[in-house]
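Residue numbers (the numbering used here): 5 to 466.
The block underneath contains the structure these notes are about, expressed in structure tokens.
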């Protein structure tokens with residue numbers, strides 16, 4: 005394929021031809037002229053068009069690849085990297101009329117999606133279409149297809165230690181739908197409040213309020229949720245992220261787990277376990293098992309494919325006690341007719357063939373490499389800062405040196421084209437903890453993480 009790119013160079017300039025080409029491409033990316041994923045002319049074609057030595061273009065492309073602007077894909081040429089989308093949505097600067105564009109988006113969920121296993125998914129979807137099973141085109145059962153619930157029960161028991169059966173599982177349209185159904189059931193039982201972690205996910209607090217539930221913040225420390233604080237309330241339900249807490253990353257300690265289960269049994273309470281990371285664990289050693297296994301009769305285990313595959317699949321699941329599951333399905337019948345069937349059957353094929361396990365190994369390897377780059381960059385460039393929690397998920401909690409102006413750092417980084425989320429937004433109450441950043445580290449290249457941390461260090465020094 006012969007591609008053309010309108011690059012202008014000035015031969016008698018003090019700026020080298022290589023630097024001119026680099027500067028043009030950078031400015032076009034920043035201005036939105038070159039979009040994410042755009043394929044560029046080959047070095048030979050561009051050199052011919054500009055009447056320059058091919059080595060000039062090769063050097064320019066090579067430097068832009070090293071800096072994270074371009075990527076060289078075997079058999080697919082040189083392209084603008086996918087995370088440099090011009091329409092990256094970030095909080096606007098005070099007084100700004102429009103949302104600025106950023107080069108490095110380090111917000112959790114702000115970057116590109118994990119590498120989706122397209123080939124495996126297409127093969128599984130095709131097998132689902134060819135299966136001839138009547139369920140493939142029928143109206144989906146409210147609890148989900150038998151095939152997926154069976155595979156999920158086996159997978160969750162093997163990979164997460166969840167104690168459940170196909171009959172105790174329901175497939176839902178992502179975690180949000182599952183939580184919404186739980187809120188509906190709890191309201192009908194006279195429950196009007198749910199305990200939530202503080203710090204925690206601000207979006208979950210908003211969602212609970214929209215479901216007419218009152219979120220009651222409970223403190224989180226280095227051992228996870230403070231169960232003593234929970235026991236001092238009259239709550240009958242609590243929402244926790246015990247394996248990899250959001251945002252701090254801490255794991256709920258074993259004695260806290262036993263204490264939490266004891267609270268549920270003594271108060272006739274319900275624990276909602278949000279295992280949102282979906283198998284993304286690359287810390288050395290054993291990954292903690294699901295909290296649900298300690299008390300299947302008191303814990304609703306909620307999982308999702310959003311982090312491991314893609315949120316656009318709208319695919320999640322709930323493992324619940326039988327009586328509660330019946331109530332959830334009756335609640336669901338009031339709102340919809342179930343989750344799309346072919347996606348369920350394709351996902352069942354992905355589980356059955358071990359393809360999800362293979363995909364997670366690749367994803368964990370990549371995310372682990374990016375996390376290590378973040379840890380190394382912080383150690384070298386941000387003295388006094390520390391990356392907390394185990395290596396897991398798609399985000400890390402970066403505790404900043406005391407007396408750091410967190411808000412000024414976030415705003416200053418944004419002006420330097422780095423978007424990152426401050427930890428203060430995750431707190432429901434005023435806090436005196438050390439300032440922090442919540443860093444989505446899994447998507448940018450290692451070089452991009454290093455450069456973004458360098459920008460943070462420069463902003464802090466000022």
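From the three backbone atoms N, C-alpha and C, an ideal C-beta is built for every residue, glycine too.
Note that the coordinates shown come from a computational prediction; the quantities given were computed from them, not determined experimentally.
- Between residue 299 and residue 269, the C-beta gap is smaller than 9 Å, which places the two residues in contact.
- For the options 409, 425 and 432, the alpha carbon positioned closest to that of residue 441 is the one of 425.
- Fully enclosed beta strand (DSSP E) runs of no fewer than 3 residues occupy 440-444 of the stretch 425-453, in order along the chain.
- Distance between residue 144 and residue 398, taken at the CA atoms: about 32 Å.
- Close CB contacts of residue 188 within its chain, under the 6 Å cut and outside five residues either way in sequence, are with 335 (chain order).
- Taking residue 414 as the centre and dropping the five residues before and after it, the same chain places the C-beta of 424 and 426 closer than 7 Å to its C-beta, in chain order.
- Taken through DSSP and simplified to helix, strand or coil, residue 228 comes out as strand.
- Annotated as proximal: residue 396 and residue 253, with beta-carbon spacing under 9 Å.
- The DSSP assignment places no complete run of the alpha helix (DSSP H) inside the stretch 294-336 (cut-off: 4 residues).
- Cβ neighbours of residue 7 within its own chain (closer than 6 Å, five residues either side excluded): 45.
- Residue 9 and residue 62 have their alpha carbons spaced roughly 15 Å apart.
- Linking residue 171 to residue 265 through their CA atoms gives a straight-line distance of about 23 Å.
- Taking a cut-off of 8 Å for Cβ pairs, the stretch 278-296 and the stretch 364-378 touch, as three or more such pairs fall below it.
- In the displayed model, residue 404 falls within coil according to three-state DSSP, outside both helix and strand.
- For the 9 Å CB-CB criterion, residue 183 and residue 243 form a contact.
- Separation of the CB atoms of residue 175 and residue 147 is rounded to 7 Å, and the pair is thereby assigned contact status at 8 Å.
- Cβ neighbours of residue 382 within its own chain (closer than 8 Å, five residues either side excluded): 389, 390, 391, 402 and 457.
- Taking 9 Å as the cut-off, the beta carbon of residue 353 is found no closer than this to the beta carbon of residue 157.
- DSSP places residue 205 in the coil class of the three-state scheme, outside both helix and strand.
- Cβ neighbours of residue 221 within its own chain (closer than 7 Å, five residues either side excluded): 200, 202, 432 and 433.
- Excluding the 5 residues flanking it on each side, residue 404 has same chain C-beta neighbours closer than 7 Å at 389, 410, 438, 439, 440 and 441, in chain order.
- Two segments are said to touch when three or more pairs of C-beta atoms, one from each, lie closer than 8 Å; by this definition the stretch 341-360 touches the stretch 318-328.
- Closest in alpha carbon position to residue 305, among 245, 257, 250 and 363, is 245.
- Secondary structure at residue 174: strand, using DSSP grouped into helix, strand and coil.
- Runs of alpha helix (DSSP H) with 4 or more residues, each lying fully within the stretch 18-93, are found at 21-35, 47-54 and 58-70, listed in chain order.
- Residue 354 is not bridged by DSSP to any residue.
- When the Cα atoms are used, residue 126 and residue 120 turn out to be separated by approximately 11 Å.
- Residues 420 of the same chain have their beta carbon placed closer than 8 Å to that of residue 462, with the five preceding and five following residues left out of the count.
- DSSP places residue 278 in no alpha helix (DSSP H) but in the uninterrupted beta strand (DSSP E) bounded by 274-278.
- Exclusion of the five residues before and after residue 449 leaves 72 as the residues of its chain whose Cβ lies within less than 6 Å of its Cβ.
- For residue 398, there is no enclosing beta strand (DSSP E), as DSSP marks it with neither H nor E.
- In this structure, residue 16 lies away from residue 447, with their beta-carbon atoms at least 9 Å apart.
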